[in-house]
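Asks:
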Amino acid sequence: MSETELAVKKLIIEALKLEDIAAEEIASDEPLFGSGLGLDSIDALELGVAIRRQYGIKFETVNDEVKAHFANVRSLARFIDSQRGGG
Numbered sequence: 003m004s005e006t007e008l009a010v011k012k013l014i015i016e017a018l019k020l021e022d023i024a025a026e027e028i029a030s031d032e033p034l035f036g037s038g039l040g041l042d043s044i045d046a047l048e049l050g051v052a053i054r055r056q057y058g059i060k061f062e063t064v065n066d067e068v069k070a071h072f073a074n075v076r077s078l079a080r081f082i083d084s085q086r087g088g089g
C-alpha cells in the first residue's frame, strides 16, 4: 500500500465520519460505491471537497473519467499522485 493510498483511506474515514472502520480494513481495490464500501453520491461530494481541501485538486465536472478515479482507493491515490506530479 502506497503512502497516498493510506492517506486517502484516512481522508475517507475523517471526511465521512466512518468511526467504526480502520484504514487498514479498507482494501485498496475495494469499490468505494455500491457493493464495496457502500458510499453514495452525497459521500462522493463530501470526499471531493475533502480532496480539494487536502490536495488542492478540483473536480470541475463529473464525467466517466472522474467516476473512474473514484472507483477505489488505489485509482483515487494514483489520480492524486498524478495531479501532484508524484507519479
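Numbering (our numbering), first residue to last: 3 to 89.
The beta-carbon is built from N, C-alpha and C at its ideal position, and this holds for glycine as well.
1) Using beta-carbon positions only, say whether Pro-33 and Asn-74 come within less than 7 Å of one another.
2) Taking 8 Å as the limit between beta carbons, can you name the residues of its chain near Glu-16, skipping five residues before and five after?
3) Alpha carbon to alpha carbon, how far is Ser-30 from Lys-60?
4) Beta-carbon separation of Asp-45 and Leu-18 under 7 Å?
5) With a CB to CB cut of under 7 Å and the five nearest residues on each side skipped, what residues in its chain are close to Ser-4?
Replies: Taking the structure as given:
1) yes
2) Ala-52
3) 22 Å
4) yes
5) Ala-79
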